[in-house]
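Enquirer:
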Amino acid sequence: MGRTFQEVISEWIIKFDNKEIDRTRMPLNHAEMISSGTHICNECYDKLVSFLLYWFRVSMPKHILPPDASQRGDCWYGYACRTQHHNEEHARKRNHVCRPTRGSHM
2 MGRTFQEVIS EWIIKFDNKE IDRTRMPLNH AEMISSGTHI CNECYDKLVS FLLYWFRVSM
62 PKHILPPDAS QRGDCWYGYA CRTQHHNEEH ARKRNHVCRP TRGSHM
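The numbering used here puts the first residue of the sequence shown at 2, with every later residue one more than the last.
1. Rounded to whole angstroms, what is the Cα-Cα separation between arginine 103 and histidine 97?
2. If you draw a straight line from the alpha carbon of threonine 25 to that of phenylalanine 52, how long is it in whole angstroms?
3. When you compare only the Cα positions, how much space is there between aspartate 1 and asparagine 88?
4. With DSSP run on the structure shown, which of helix, strand or coil describes aspartate 47?
5. Would you check if the region 59–74 and the region 35–46 touch, i.e. whether three or more CB-CB distances between them fall below 8 Å?
6. If contacts are defined as beta-carbon pairs under 8 Å, then tyrosine 55 and tyrosine 78 qualify, I think. What distance do you get, rounded to the angstrom?
7. Span of the alpha helix (DSSP H) holding alanine 81?
8. Using beta-carbon positions only, say whether serine 36 and aspartate 18 come within less than 7 Å of one another.
9. Are the beta-carbon atoms of arginine 73 and arginine 100 separated by less than 7 Å?
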């Protein structure tokens, strides 16, 4: 399954342009107006790439993931979990590529 970062991003930019990805949770203003030809700042670029990589990861079947990733229990707060960004142990222990089942992001 080995693919380069560039190949993955290129594939997901096409999906993004074709509106195959739900943009409602994309952390950018006027997300519906952004395309591969839109000029954006570095901060917005980082957010867009992170958003595309998240959808790449969501689309991967569990059997492709390594056992330590596929066997993690879901975090109640899912992708909205703030703890995953400052607590490496929590980030490794729980799956955060899922929808929240608790909190204000449900």
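Beta carbons: idealized from backbone N, C-alpha and C, even for Gly.
Expert: Looking at the atomic coordinates:
1. Here the question's residue 103 lines up with position 102 in the sequence shown. Here the question's residue 97 lines up with position 96 in the sequence shown. Across the structure, arginine 103 and histidine 97 are spaced so that their CA atoms are roughly 13 Å apart.
2. For the purposes of this step, residue 25 is taken as residue 24 along the sequence shown, with counting starting at 1. For the purposes of this step, residue 52 is taken as residue 51 along the sequence shown, with counting starting at 1. Rounded to the nearest angstrom, the two C-alpha atoms are 11 Å apart.
3. There is no way to answer for residue 1, as the model of the chain reaches only from 2 to 107.
4. What you label residue 47 is simply residue 46 of the sequence shown in a count that begins at 1. The answer is helix: DSSP assigns aspartate 47 an H, G or I state.
5. no
6. One-based indexing of the sequence shown puts residue 55 at position 54. One-based indexing of the sequence shown puts residue 78 at position 77. Tyrosine 55 to tyrosine 78, Cβ: 15 Å. No contact.
7. Working through the sequence shown from its first residue, we reach residue 81 at position 80. First-last for alanine 81: undefined, no H or E at that position.
8. Sequence index remark: in the sequence shown, residue 36 carries index 35 (1-based). Sequence index remark: in the sequence shown, residue 18 carries index 17 (1-based). Yes, they are a contact pair.
9. Position 72 of the sequence shown, counting from 1, holds the residue named residue 73. Position 99 of the sequence shown, counting from 1, holds the residue named residue 100. No. Outside cutoff.
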